[in-house]
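Chains U and Y supply the protein sequences, listed in that same order.
Per my numbering: the first sequence = residues 3 to 253.
Per my numbering: the second sequence = residues 331 to 656.
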Amino acid sequence: MQLLTVDALTVRFGGISALSDVGFTMDDREILSIIGPNGAGKTTLFNCISGVYQPTRGEILFQGESLLGLSPDRIAVKGIGRTFQNIRLFNNMTVLDNLMLGRHIRFRRNPLQAYLRIRTEELRHREKVEEVIGFLDLQAYRKMRVMDCPYGVQKRVELGRAIVMEPKLLLLDEPVAGLTAEEKNRVAYLVTEIRGRFGLSILLIEHDLRIVSRLADRMVVLNFGQKLTEGTPAEVQKNPEVIRAYVGEEA
Amino acid sequence: MNLVESYKDDLKLIEKPWTRCWVALLIVGVILFPLFGSEHFVYLATLIFIFSIGILGQNILIGYTGQISLGQAGFLAIGAFTFGHLTKMGVPLGLCLIGAGCMAAVFGVLVGFPSLRLKGPYLAIVTLGFGIAIYQVFTSYEVLSGGRMGMVVPKFPALFGLTSEVSMYYFVFLLCVIFLAATYNLISSYIGRAFVAIRDNDIAAEVLGVNLTNYKLLSFAISSFYTGVSGALYGMFMGFLDPQMFNFSETLLIFVAVIIGGLASVEGALFGAAFVILIPQLLSGYNELTPVILGVTVVIIMIFEPLGLAGRWFKMRLYWRNWPFR
């Protein structure tokens with residue numbers, strides 16, 4: 003069975019079609035990349051999958067179940083985690099607390115335990131969080147407020163916060179945007195490593211084509227809210243329509 | 331230096347042995363206070379403890395969850411009058427307090443519903459309307475407010491050979507400690523984390539699986555429970571209830587106390603309560619200056635110390651912890 007099926011997805015904001023009739027499928031443990039110029043509708047697509055927007059038309063199936071009409075928190079429980087393009091961390095919380103919040107849906111929640119300071123659950127989840135802290139090399143920043151951390155670290159914290167949810171599908175919105183060349187390589191390595199180690203499927207939005215073509219198994223190209231083409235990185239790069247969308251018409 | 335050796339050590343309420351010492355000293359000091367403090371000071375301290383419970387509740391809502399509310403007086407009034415009616419029916423004191431809190435919490439949830447849609451100043455306007463509406467309801471319906479002469483509430487009984495005032499002092503102090511400790515626990519738990527997450531970034535919180543509806547309403551319920559209990563204690567302390575005690579200036583007093591004490595800080599509630607109650611006392615000769623002083627303090631605090639007195643306190647502790655190194 004397909005992990006994720008997006009079918010004829012259409013999103014309209016007033017008169018503007020942010021997405022029109024976009025469809026693709028995704029297999030288990032696949033890294034699928036969505037590319038396209040600015041304003042192509044990539045982030046809108048992510049917002050639809052994670053429930054932040056409701057599409058005008060179309061269908062999104064996750065493990066055979068429709069995600070339409072579900073609130074973002076229900077979708078998170080179903081096993082979809084995501085990061086944001088412009089970092090959306092909880093700025094006044096420590097790195098550790100940010101990651102612990104990622105475990106929120108896995109907590110056995112009992113208000114009485116919260117009030118009486120019975121913290122067995124907390125300890126159980128701390129183990130998992132520490133594992134991810136080790137994996138992402140965040141040990142030195144554990145007790146720092148996120149606001150005070152450098153940009154590259156914030157990006158990693160956001161990645162970590164999505165991983166600790168133990169989702170089946172991870173949506174990464176430009177994970178290497180704004181990083182140095184060295185950090186880019188490191189995150190690129192992490193992305194493949196995440197798939198291997200945590201057994202996730204990853205849907206990736208990225209502008210850096212060199213890195214994308216190294217990471218992705220397949221690519222979907224969007225332009226002006228429509229799907230241009232889909233295929234392996236090598237196929238997509240040779241496609242004349244894609245070249246036209248990115249570089250423009252030949253004179 | 332204290333070394334954290336296990337994840338469990340990390341979750342302690344009080345981390346350092348020194349902190350334990352001075353907290354214990356402080357508690358002993360408060361217990362011995364009525365022996366050498368004059369009656370007037372006991373009166374003031376009782377008032378501070380009563381207010382800090384309500385301010386603590388509002389701090390959970392405004393400081394931690396980031397939902398700006400101006401309906402405090404309404405919740406105080408609901409708590410106080412529920413308490414008044416319940417004591418008239420002869421319900422035991424403990425149940426009366428819980429009843430007052432729960433009634434306020436129910437109204438808190440009702441007021442919380444707009445918060446699912448409204449943010450920032452818009453929510454403040456809605457809750458402001460609620461506070462004023464409750465005040466009007468109590469002034470207009472004598473059945474609720476106990477008539478033109480107000481409602482007489484029995485004072486706290488004199489226990490263990492102490493006067494009524496001193497017994498009340500100990501009782502309120504005990505409640506205050508319970509509320510403070512419980513709030514520390516709540517804030518450091520998954521619930522507190524979810525509250526802060528909603529304040530810092532509600533979309534991210536939702537995508538991570540925090541149900542905004544539940545947690546916002548929970549925050550409203552908890553905070554109005556505290557405020558309701560505080561109102562009930564205030565009524566019992568005064569021995570008399572009148573809608574006039576819960577007008578808009580009461581709301582502002584609590585709001586100002588939350589900000590001066592320190593947003594998103596538990597001990598800040600105590601500081602804030604002490605500030606708004608002691609300042610009018612210090613200026614008792616110039617009563618007309620009190621609102622000016624409070625207003626100017628809020629302006630100064632917002633500019634120089636956005637985290638309020640609690641933020642200043644935290645910085646002082648940090649300084650002494652590292653002394654003589656900087």
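We treat Cβ as the ideally placed atom computed from N, Cα and C, and that holds for glycine.
- Residue contact check for A524 (chain Y) against chain U: a CB pair falls below 8 Å.
- Taking all protein chains in view, the Cβ of D175 (chain U) is crowded by 16 or more other Cβ atoms within 10 Å, so the residue is classified as buried.
- Around the Cβ of P364 (chain Y), a 10 Å sphere holds 16 or more other Cβ atoms; the residue is buried.
- Annotation: the stretch 403-451 of chain Y contains the following complete segments of the alpha helix (DSSP H) (minimum length 4 residues), in chain order: 423-445.
- In chain order, A116 make up the part of chain U whose C-beta sits under 7 Å from the C-beta of S519 (chain Y).
- Put simply, the CB of F86 (chain U) is near chain Y, with a gap under 8 Å to one of its CB atoms.
- Between T581 (chain Y) and A354 (chain Y), the C-beta spacing is not below 8 Å.
- A check of alpha carbon separations from Y191 (chain U) across U:P39, U:A218 and U:P113 identifies U:A218 as the nearest.
- As summarised for the stretch 38-66 of chain U, the continuous beta strand (DSSP E) elements at least 3 residues long and confined to that stretch are 59-64, given in chain order.
- Of Y:G476, Y:F381, Y:P451 and Y:V372, the smallest CA-CA separation from L416 (chain Y) is found for Y:G476.
- Within 10 angstroms of the beta-carbon of K346 (chain Y) lie fewer than 16 other beta-carbons, which makes it exposed.
- The beta-carbon of E124 (chain U) is placed less than 8 Å from the nearest beta-carbon of chain Y.
- DSSP lists U:N225 as the beta-bridge partner residues of Q228 (chain U).
- Comparing C-alpha distances from V606 (chain Y) to each of Y:G569, Y:G591 and Y:G450 shows the shortest one belongs to Y:G591.
- For M149 (chain U), the number of other beta carbons within 10 angstroms of its own is below 16, and it is reported as exposed.
- M479 (chain Y) is bridged by DSSP to nothing; it lacks a bridge partner.
- For G25 (chain U), there is no enclosing alpha helix (DSSP H); the enclosing beta strand (DSSP E) covers residues I18 to M28.
- Per DSSP, reduced to three states, the secondary structure at L374 (chain Y) is helical.
- Around K338 (chain Y), the beta-carbon contacts reaching into chain U at under 7 Å are L125.
- For A535 (chain Y), the enclosing alpha helix (DSSP H) begins and ends at D532 to V537.
- The beta carbon of F48 (chain U) sits closer than 6 Å to the beta carbons of L173 and D175 from its chain, once the five residues preceding and following it are set aside; these are given in chain order.
- Looking from the CA of D30 (chain U), the closest CA among U:R216, U:V244 and U:R197 belongs to U:R197.
- The distance from the Cβ of G561 (chain Y) to that of L406 (chain Y) is about 3 Å, consistent with a contact at the 8 Å cut-off.
- The C-beta of E208 (chain U) has 16 or more other C-beta atoms within 10 Å across all chains shown, which makes the residue buried.
- Judged by DSSP secondary structure, A247 (chain U) falls outside any beta strand (DSSP E) and instead within the alpha helix (DSSP H) spanning P242 to V249.
- In terms of Cβ geometry, D530 (chain Y) and M146 (chain U) do not form a close pair [threshold 8 Å].
- N389 (chain Y) has a beta carbon lying at 8 Å or more from every beta carbon in chain U.
- DSSP, reduced to helix, strand and coil, places V540 (chain Y) outside both helices and strands of the structure shown, so it counts as coil.
- A direct Cα-Cα distance of roughly 10 Å separates R59 (chain U) from L21 (chain U).
- Taking 8 Å as the Cβ-Cβ cut-off, the stretch 145-162 of chain U has no residue approaching chain Y.
- Annotation: the continuous beta strand (DSSP E) that includes S203 (chain U) extends over S203 to I207.
- The residues F550, A551 and S554, in chain order, have a CB closer than 6 Å to that of G438 (chain Y) in the same chain once the five nearest residues on each side in sequence are set aside.
- Counting of Cβ neighbours within 10 angstroms places G136 (chain U) among the exposed residues, the total staying below 16.
- Contact note: N187 (chain U) does not reach chain Y at a C-beta cutoff of 9 Å; the least C-beta distance is about 27 Å.
- From the beta-carbon of A78 (chain U), the residues of chain Y found nearer than 7 Å are V537, L538 and G539.
- Short of 8 Å from the beta carbon of E184 (chain U), and not among the five residues preceding or following it, lies no beta carbon of its own chain.
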